[in-house]
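Undergrad:
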Amino acid sequence: MDIKKPLVILDLETTGTWIEKDRIIEIAMVRCLPDGNRAEYEQRVNPGMPIPLEASEITGITDQDVKDSPRFKDIAQQVMAFLDGADIAGFNVERFDLPLLAREFADVGLTFNWQERTVYDAQKVYHLNEKRDLTAAYSFYCHKDLEGAHSALADTRATLEVLQAQVVKYGKGRNDIEALGSFDYKTHGDYYDAGRRFRWWNGELYMMFGKYAGKMTIKEVVKNDPRYLEWILSANFSEDIKDLVSAALEGKFPVYPRS
171 MDIKKPLVIL
181 DLETTGTWIE
191 KDRIIEIAMV
201 RCLPDGNRAE
211 YEQRVNPGMP
221 IPLEASEITG
231 ITDQDVKDSP
241 RFKDIAQQVM
251 AFLDGADIAG
261 FNVERFDLPL
271 LAREFADVGL
281 TFNWQERTVY
291 DAQKVYHLNE
301 KRDLTAAYSF
311 YCHKDLEGAH
321 SALADTRATL
331 EVLQAQVVKY
341 GKGRNDIEAL
351 GSFDYKTHGD
361 YYDAGRRFRW
371 WNGELYMMFG
381 KYAGKMTIKE
391 VVKNDPRYLE
401 WILSANFSED
411 IKDLVSAALE
421 GKFPVYPRS
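If you're matching positions, the sequence shown starts at 171 in the working numbering and goes up one per residue.
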């Protein structure tokens, strides 16, 4: 692959997916030069907060692993220098890695205007060029072309064949549909409710709307401004949100599901 200017491929491992709050626990970069030379940078980072269990399960990095690692402020200048003058590439970097890295820089008083760089996001290229619809799934699992695609009956029959093929491929010897139930494909995420009004972070439930959005946990709002929650009970919110708020005003709070 020929390049005309330095290119840095970047990846972050973090405590979670909340760009405004979560922290880097590992950063890795490969800097490629037009002459073919490469340099690598890899560093674990002490985030200054407990690493949630789910983050450790994904990354394999625990609190013990980073207890003696530097804080981001201690390596920020190194990271900035490594990125100097380079285009940037990665997988999902535009939506996650670069905004979170920019926030980490901002937290230590540095400005990282990644939007002014040329960014090559492999995930975007992948999603734009490779179909991920039923026709593609039918071809991948069943090795056949889907005739009559977008006809309801043809799509239904194809979906049945795809499911049958998935049971065979992933069922580990089982031949029942329940074998697919072991895959955690449901959207749990970090949000408490489907409307994303409340979000879990570091074991606490934060409001994600109104004047306390991303700033206070629901416990803190109960303590500091209960009248705001009383207003929610009279406003146009869903019943599940009103039930949550009503219970919170009585001192009953949801328990973090992964605790």
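Even for Gly, the Cβ is constructed at its ideal location relative to N, Cα and C.
Please report the straight-line C-alpha distance between L350 and E274, rounded to a whole angstrom.
TA: Answer to the nearest angstrom: the Cα atoms are 39 Å apart.
Undergrad: Measure the alpha-carbon distance for D410 versus R366 and round it to whole angstroms.
TA: Approximately 12 Å between the Cα atoms of the pair.
Undergrad: Hey, L403 and K412: beta-carbon distance below 7 Å or not?
TA: Yes, they are a contact pair.
Undergrad: Measuring CB atoms only, is the stretch 233-250 touching the stretch 273-290, in the sense that at least three cross pairs come out at less than 8 Å?
TA: At 8 Å Cβ cutoff, the stretches touch.
Undergrad: Which word fits I347, buried or exposed, when buried means at least 16 other C-beta atoms lie within 10 angstroms of its C-beta?
TA: Exposed, because fewer than 16 other Cβ atoms sit within 10 Å of the Cβ of I347.
Undergrad: So, with DSSP's three-state summary, where would you put P427?
TA: In this structure, P427 counts as coil in the three-state DSSP scheme.
Undergrad: Just confirm the distance between the C-beta atoms of E196 and E210, as a whole number of angstroms; I'd bet it's less than 8 Å.
TA: That pair is no contact at about 13 Å.
Undergrad: Which one of E286, D235, T229 has the shortest CA to CA distance from L253?
TA: Of E286, D235, T229, the residue nearest in Cα terms is E286.
Undergrad: If we ignore side chains and look at the alpha-carbon of each, how far apart do L399 and F379 end up?
TA: Rounded to the nearest angstrom, the two C-alpha atoms are 12 Å apart.
Undergrad: Kindly examine the ligand NAD and report whether one of its heavy atoms sits closer than 6 Å to the Cβ of T232.
TA: The ligand NAD is absent from the structure shown, which contains no ligands of any kind.
Undergrad: To the nearest angstrom, how far is the alpha carbon of V263 from that of E420?
TA: Taking the straight line joining both Cα atoms gives about 42 Å.
Undergrad: How many whole angstroms separate the CB atoms of I194 and V215, which I take to be in contact at a CB cut-off of 8 Å?
TA: Contact flag correct, Cβ pair sits at about 5 Å.
Undergrad: So, L203 versus A259, is the Cβ gap smaller than 7 Å?
TA: Contact flag unset, no.
Undergrad: Using alpha carbons as the reference points, say which of S226, P396, P427 lies closest to A417.
TA: A417 has its Cα closest to that of P396, out of S226, P396, P427.
Undergrad: Nearest by alpha-carbon distance to I189: which of R369, D257, D303 is it?
TA: When only C-alpha atoms are compared, the closest one is R369.
Undergrad: Going straight from the alpha carbon of G384 to that of V278, what length do you get?
TA: Looking at the two C-alpha atoms, the distance is approximately 20 Å.
Undergrad: Are the CB atoms of Y308 and A328 within a distance shorter than 7 Å?
TA: Contact: yes.
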